[in-house]
Amino acid sequence: MDNVITSLRALTESVVIRLQMISYEELDSFIEERQHLIDELNQLKLTSPFNPAQQKELQDIVQADSVILARMAALKAEAADWLQHRGQVRTQRNAYEASYTPDSILLDRRK
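In our numbering, the protein residues as written are 13 to 123.
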């Protein structure tokens, strides 16, 4: 059980150190690997409960969650901004690519 906790700690620390430079793909792979380790810990917990030292170490690992969640929220906001900008560009482009006949003329008026 200690080796799984150690792996979880090492994985979490490696992500926290690189958190400002990490891409969403790396964060996604971190989450998948972390979930695998947590599932393994849950299976081991059924056979033998955590001792106080292991509980303390797990609590220390969980404290990094707030920093990781903040980065995930920043990446989510960045993606939302990009999607919104893309939608605006598409709307503007579609205004000129609408269903006009090929021989028609489009005149813009300045306001």
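Virtual Cβ for every residue (Gly too), placed ideally from N, Cα, C.
**Message:** Please tell me whether Leu-20 and Leu-56 are closer than 7 angstroms, where the distance is taken between their beta carbons.
**Reply:** For the purposes of this step, residue 20 is taken as the residue at position 8 of the sequence shown. For the purposes of this step, residue 56 is taken as the residue at position 44 of the sequence shown. Cβ atoms of Leu-20 and Leu-56: not closer than 7 angstroms.
**Asked** Cβ atoms of Val-16 and Glu-52: under 7 angstroms apart, would you say?
**Response** Numbered from 1 along the sequence shown, position 40 holds the residue referred to as residue 52. Numbered from 1 along the sequence shown, position 4 holds the residue referred to as residue 16. Taking 7 angstroms as the Cβ cut-off, Glu-52 and Val-16 qualify as a contacting pair.
**Request:** Note down, in chain order, each residue of its chain lying with its Cβ closer than 6 angstroms to the Cβ of Val-27, except the 5 sequence neighbours on either side.
**Result:** Here residue 27 corresponds to residue number 15 of the sequence shown, with the count starting at 1. Counting only residues of its own chain and dropping the five nearest sequence neighbours on each side, Val-27 has a CB closer than 6 angstroms to the CB of Phe-42.
**Asked** DSSP on Asp-120, reduced to helix/strand/coil?
**Response** The residue given as residue 120 occupies position 108 in the sequence shown. Asp-120: coil per DSSP, three-state reduction.
**Request:** Sort Glu-38, Glu-25, Leu-31 and Leu-70 by Cα distance to Met-13 and report the nearest one.
**Result:** One-based indexing of the sequence shown puts residue 13 at position 1. Proximity to Met-13 across Glu-38, Glu-25, Leu-31 and Leu-70 peaks at Leu-70, based on C-alpha coordinates.
**Rounded straight-line distance, which links the Cα of Ala-65 to that of Leu-23** = Reading the sequence shown from its first residue, position 11 is the one you call residue 23. Reading the sequence shown from its first residue, position 53 is the one you call residue 65. If you take the alpha carbons of Leu-23 and Ala-65, they lie about 19 angstroms apart.
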